[in-house]
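Visitor:
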Amino acid sequence: MTSRPKVVICGAGIAGVAAAYSLMTTFGVEDITVVDQGHPLSLTSDKSTEAYRNWWPGPDWEMTAFMDRSLDLIEDIARATNNRINLNRRGYVFATADSSKIDFLQTMSKTAEARGAGAARFHDTANSVYMPSPEHGFNFELTGADIITDRSLIRRHFPYLSPETVALAHVRRAGWFSAQQLGAAMYETVRARGATVARGEVIGFRMRANRVDTVDVAMSNGRRSFDATHVVLAGGPFQNKLTSLLDVALPITAERHRKVSFQDTLSAMPRSAPMMIWLDEQYLPFSDDERAAMADDPEFAHFLGKFPAGVHGRPDGAYAALVLFNHHGDAVEPTFPLPEEPHYAEIALRGMATMVPALRVYNGRPSRPYVDGGYYMRTRENRPLIGPSGPEGVFVSCAYSGFGIMASAAAGELVASHLMEAPLPRYAPAFLPSRYQDPRYCSALDAWGDGGQL
Ligand SMILES: Cc1cc2nc3c(=O)[nH]c(=O)nc-3n(C[C@H](O)[C@H](O)[C@H](O)COP(=O)(O)OP(=O)(O)OC[C@H]3O[C@@H](n4cnc5c(N)ncnc54)[C@H](O)[C@@H]3O)c2cc1C
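First residue of the sequence shown? That's 3 in this note's numbering, and the numbers climb one at a time after it.
#1: Should residue 371 be counted as a contact of ligand 1 given a C-beta to heavy atom distance under 7 Å?
#2: Measure the C-alpha to C-alpha separation of residue 351 and residue 209 and round it to an integer number of angstroms.
#3: Enumerate in chain order the residues of its own chain whose CB-to-CB distance from residue 65 is below 6 Å, with the five nearest sequence positions on each side excluded.
#4: Counting beta carbon pairs with one atom in the stretch 46-54 and one in the stretch 139-152, are three or more of them shorter than 8 Å?
#5: Among 74, 416, 385 and 404, whose alpha-carbon lies nearest the alpha-carbon of residue 1?
#6: Give the range of the beta strand (DSSP E) segment to which residue 198 is assigned.
#7: Note the first and the last residue of the continuous alpha helix (DSSP H) segment covering residue 78.
#8: Pick helix, strand or coil for residue 373, following the three-state DSSP scheme.
#9: Kindly indicate which three-state DSSP category residue 321 falls into: helix, strand or coil?
#10: Are the beta-carbon atoms of residue 377 and residue 257 separated by less than 8 Å?
#11: Any contact of the stretch 8-24 with the stretch 231-239, i.e. 3+ C-beta pairs under 8 Å?
#12: For ligand 2, is there any heavy atom lying closer than 7 Å to the beta carbon of residue 14?
#13: Can you tell me whether residue 407 is buried or exposed? The criterion is at least 16 other CB atoms within 10 Å of its CB, across all chains shown.
#14: With distance defined between alpha-carbon atoms, name the residue in 421, 353 and 448 nearest to residue 164.
#15: Mind checking who residue 398 pairs with in its DSSP beta bridge?
#16: Compute every distance between the C-beta of residue 351 and the non-hydrogen atoms of ligand 1, then say whether any falls below 7 Å.
#17: In terms of residue numbering, what span does the alpha helix (DSSP H) encompassing residue 406 cover?
#18: Could you tell me whether the Cβ atoms of residue 55 and residue 176 are closer together than 8 Å?
#19: Output the residue ranges of the beta strand (DSSP E) runs that lie fully inside the stretch 278-365 and measure 3 residues or longer, sorted by chain position.
#20: May I ask you to verify whether the stretch 298-315 touches the stretch 393-410, counting CB pairs closer than 8 Å and requiring at least 3?
#21: So, does the stretch 315-326 touch the stretch 267-287, judging by three or more C-beta pairs under 8 Å?
#22: Taking the continuous alpha helix (DSSP H) assigned at residue 109, which residues delimit it?
#23: How is the alpha helix (DSSP H) around residue 16 delimited, first residue to last?
#24: Which stretch, first to last residue, makes up the beta strand (DSSP E) that contains residue 258?
#25: Relative to the alpha-carbon of residue 2, which residue among 24, 8, 169 and 18 has its alpha-carbon at the smallest distance?
#26: So what does DSSP say about residue 192, is it helix, strand or coil?
#27: Give a yes or no on whether the C-beta atoms belonging to residue 371 and residue 347 are separated by under 8 Å.
#28: Residue 124 and residue 135 - do their beta-carbons sit closer together than 8 Å?
#29: Can you tell me whether residue 443 is helix, strand or coil according to DSSP?
#30: With distances taken Cα to Cα, identify the nearest neighbour of residue 341 among 373, 168 and 37.
#31: Tell me residue 229's beta-bridge partners as DSSP assigns them.
#32: List the residues that DSSP assigns as beta-bridge partners of residue 178.
#33: Using a 10 Å radius around the Cβ and a threshold of 16 neighbouring Cβ atoms, would you call residue 383 buried or exposed?
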């Protein structure tokens, strides 16, 4: 380790900004340049649902520990800033109208408990004691999940959910916060500590004795070179393009995900609701007349088919609400602006109305719907890539899929710890790019499923 590292961070999304923040605030690094071809925090990191959870019932404990660490750090920022980031802890509610999924919910909750996410508590009678989560603030100790299978208890505490709901899991170390404010708080700190921000596209790296030495950037006023002892590559959807400049290929693909926000002028989604996720496949709720009208129209015929599980949404501030209804799985080439998906808002709203029937008041057409989105950059097992990769001095921080906001604080800390050769947390090996060189790891992946993606 050189005594005075000169770090160039390529990409000023939440991953790059969080890396700069940790390098400066935890390790006292002074010489940092953050390069981005656009405005900081404006490509993917301002499009998220801003939600978080420590509930990762996967094959082992690493994702839970990583997220718990990140949430500890995010809570520290909330405390230090008088909760400028508006962190709440309302939880996630995973619900179903399918009684055959009760076993699944119970197994997930016990698995999450075994992974360290907190206890699974079961409520199968009307008088079972269930404690609601607070609407505001994050000072609430309950972790784990409450699994409610008594329908009267569900109606009492979640009267806005479909009356068909037969079971739900309320995950407690979960909620949402302002991703914009979290990013801004970290960004302002690194600016105040003297980080340089350069607007331009990273177009090349130069080496000296197989160690990165210079970063070349195309700026509006010409090409500029930045000396570097270390670089962090945090290019979000352009990470493959960035690493290809170093002949490094990373096993990540892009999935397009959209969301719709709208003015919930009729308060169909209660302002105090948690994040809500519907676990069932569904046919969109249309009247018989609407179905008959659409059946012969090729533009709308697909509205009548079966839609996948996973529509989710939440209230947003005083009037707005967000809904996401995405079909997962297709790897695409990231392009901007996102191609339009006709009728996305209507499909998402109709789908969410299956879970929250009061949304039917909009007939799928709420006031001022706004659709945006971006790309989930993901590895096969839906875990990030954090650590050294390629030539000496090069580190990657990427593949944050649908969890990059919640993971940002621990991700920044982890990549900074690698770079500074500091002691690493026990979960660090799980996120190393080099993990794929282990054939046992690769064959174990076959049994892992989708990694808990939303
Ligand atoms: C619809 C949607 C909902 C989501 N919901 C959630 C959620 O609820 N909770 C959650 O935690 N996460 C969520 N996410 C995921 C989260 O938004 C991302 O994981 C995170 O924003 C990724 O951050 P990033 O810094 O890696 O990428 P980005 O924010 O895309 O930043 C990458 C930056 O690198 C720059 N760059 C790339 N190449 C170059 C180059 N050659 N030169 C200069 N600059 C370059 C880009 O301009 C960009 O600014 C969601 C994502 C989407 C799309």
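Each residue gets a CB set at the ideal place from its N, CA and C atoms; glycine is no exception.
Guide: On the basis of the coordinates in this document:
#1: no
#2: Roughly 52 Å separates the two Cα atoms.
#3: Excluding positions up to five away in sequence, the list reads 58.
#4: no
#5: With the chain represented from 3 up to 456, any question about residue 1 goes unanswered, as that position is not in the structure.
#6: 198-210
#7: 64-82
#8: strand
#9: coil
#10: yes
#11: yes
#12: As for ligand 2, it is missing from this structure, which binds only ligand 1.
#13: The residue in question, residue 407, is buried, as its Cβ has 16 or more Cβ neighbours within 10 Å.
#14: 353
#15: 235 and 389
#16: no
#17: 406-421
#18: yes
#19: 314-318 and 322-326
#20: no
#21: yes
#22: 104-116
#23: 16-27
#24: Residues 255-265.
#25: Residue 2 is absent from the structure shown; the chain starts at 3 and stops at 456.
#26: helix
#27: yes
#28: no
#29: The answer is helix: DSSP assigns residue 443 an H, G or I state.
#30: 373
#31: 216
#32: 53
#33: buried
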